[in-house]
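For the sequence shown, the residue numbers in our numbering are 4 to 247.
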Amino acid sequence: MDEYNAATYGDRIADVYDDWYDELFDTEGAVDLLARLAGGGRALELAIGTGRVAVPLTGAGVEVHGIDASEAMVAKLRAKPGGGDIPLTIGDFTDVGVEGKFSLVYVVFNTFFALTSQRDQVTCYRNVAEHLDDDGVFVIEAFVPDPTRFDRGQRVDAGRVEPGEVVIDASRHDPVSQRTFANHIVITEHGTRLFPVQIRYAWPSELDLMAELAGLVLKERWSGWRGQPFTSSSEAHVSVYGRP
Ligand SMILES: C[S@@+](CC[C@H](N)C(=O)[O-])C[C@H]1O[C@@H](n2cnc3c(N)ncnc32)[C@H](O)[C@@H]1O
Numbered sequence: 004m005d006e007y008n009a010a011t012y013g014d015r016i017a018d019v020y021d022d023w024y025d026e027l028f029d030t031e032g033a034v035d036l037l038a039r040l041a042g043g044g045r046a047l048e049l050a051i052g053t054g055r056v057a058v059p060l061t062g063a064g065v066e067v068h069g070i071d072a073s074e075a076m077v078a079k080l081r082a083k084p085g086g087g088d089i090p091l092t093i094g095d096f097t098d099v100g101v102e103g104k105f106s107l108v109y110v111v112f113n114t115f116f117a118l119t120s121q122r123d124q125v126t127c128y129r130n131v132a133e134h135l136d137d138d139g140v141f142v143i144e145a146f147v148p149d150p151t152r153f154d155r156g157q158r159v160d161a162g163r164v165e166p167g168e169v170v171i172d173a174s175r176h177d178p179v180s181q182r183t184f185a186n187h188i189v190i191t192e193h194g195t196r197l198f199p200v201q202i203r204y205a206w207p208s209e210l211d212l213m214a215e216l217a218g219l220v221l222k223e224r225w226s227g228w229r230g231q232p233f234t235s236s237s238e239a240h241v242s243v244y245g246r247p
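Here it is, written out as structure tokens:
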């Protein structure tokens, strides 16, 4: 069995990532809001990946830097027009090993939860706070956890069942550590591909507490990138933290 580490998700998914996800998200809304929040200053994307957000944000005039653990994901970014000019650090974003301060640090598409322990998540908030300008902000886009998705600690979903292809999601859930261990399984007549993803989820309230430990407070919370209200039935949130 391969060991799962910070680069595993990206290394396995890099060749299909943009095809699967480019259209799925409100990237345009994200870029508009992030450009406004950067306010003319520098931005840092944690887990920049293939540059789905960073490339258009750079195109909108923001100086964007990025960190990612996966060389394979970053190779896709470098191959895009304008992607080769984005300063990149290969490494784990727990430590935010980048020089200087930023007016905006952001992590989107649930990727803060890629840090698989509460300790790493708290460490990340603290490091982000040290890299923010005095009036800088930290933006997180994440889902609101829903443990009812799991039945006795597991879930199996048949995503697609075609004559030549079957797609299955298999996951196990540990409610104590708030971790899920999942595999997106693609079976065709030519073979099977596995796309593993392991996360540690946190409720918005726990994220706010982590922020407080790092000296940050919640400034705004919406359910989407266009300022949609966040309510008790929202399935996702865009949260903005800054100094009190
Ligand atoms: C779901 S993709 C998001 C990519 C990009 N931010 C986007 O929204 O399209 C997750 C990215 O996080 C990276 N990643 C996961 N864990 C990481 C870690 N601990 N440190 C750095 N990068 C990590 C993966 O390599 C991958 O590129």
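Glycine is no exception: its CB is placed at the ideal position from the N, C-alpha and C atoms.
Bear in mind that the values here come from a model prediction, so they are computed numbers and not experimental data.
Let me know the secondary structure DSSP gives residue i once reduced to three states.
i, result
"A239", "strand"
"Q201", "strand"
"L3", "There is no way to answer for residue 3, as the model of the chain reaches only from 4 to 247."
"F105", "strand"
"V99", "coil"
"A173", "strand"
"V110", "strand"
Could you please give me the residues that DSSP links to residue i through a beta bridge?
i, result
"Q92", "Residue identity check: residue 92 is Thr in the sequence provided, not Gln. Per DSSP, I70."
"Q223", "Here residue 223 is Glu; the residue named in the question, Gln, does not match the sequence. DSSP, once it has assigned bridges, lists V243 as partnering E223."
"S180", "S180 is not bridged to any residue."
"H193", "H193 is not bridged to any residue."
"E209", "DSSP, once it has assigned bridges, lists no residue as partnering E209."
"A185", "S174 and V200"
For residue i versus residue j, is the C-beta spacing smaller than 8 Å?
i, j, result
"H68", "L49", "no"
"V111", "E144", "yes"
"S174", "G139", "no"
"I16", "G54", "no"
"V142", "V243", "yes"
"A38", "A57", "no"
"I70", "F96", "yes"
"D137", "R246", "yes"
"A82", "A10", "no"
How about residue i: is its Cβ closer than 7 Å to a heavy atom in ligand 2?
i, result
"D136", "This structure simply doesn't include ligand 2; it includes ligand 1 instead."
Pairing CB atoms from the segment 120-128 with CB atoms from the segment 187-207, are three or more of them under 8 Å? yes
Every unbroken alpha helix (DSSP H) within the segment 117-166, with a cutoff of 4 residues, ordered by chain: Those alpha helix (DSSP H) runs which fall completely within the segment 117-166 and span 4+ residues are 121-133.
Pairs of beta-carbons, one from the segment 227-242 and one from the segment 24-43, closer than 8 Å: are there three or more? yes
Ordered list of beta strand (DSSP E) runs contained in the segment 33-57, each at least 3 residues: 46-49
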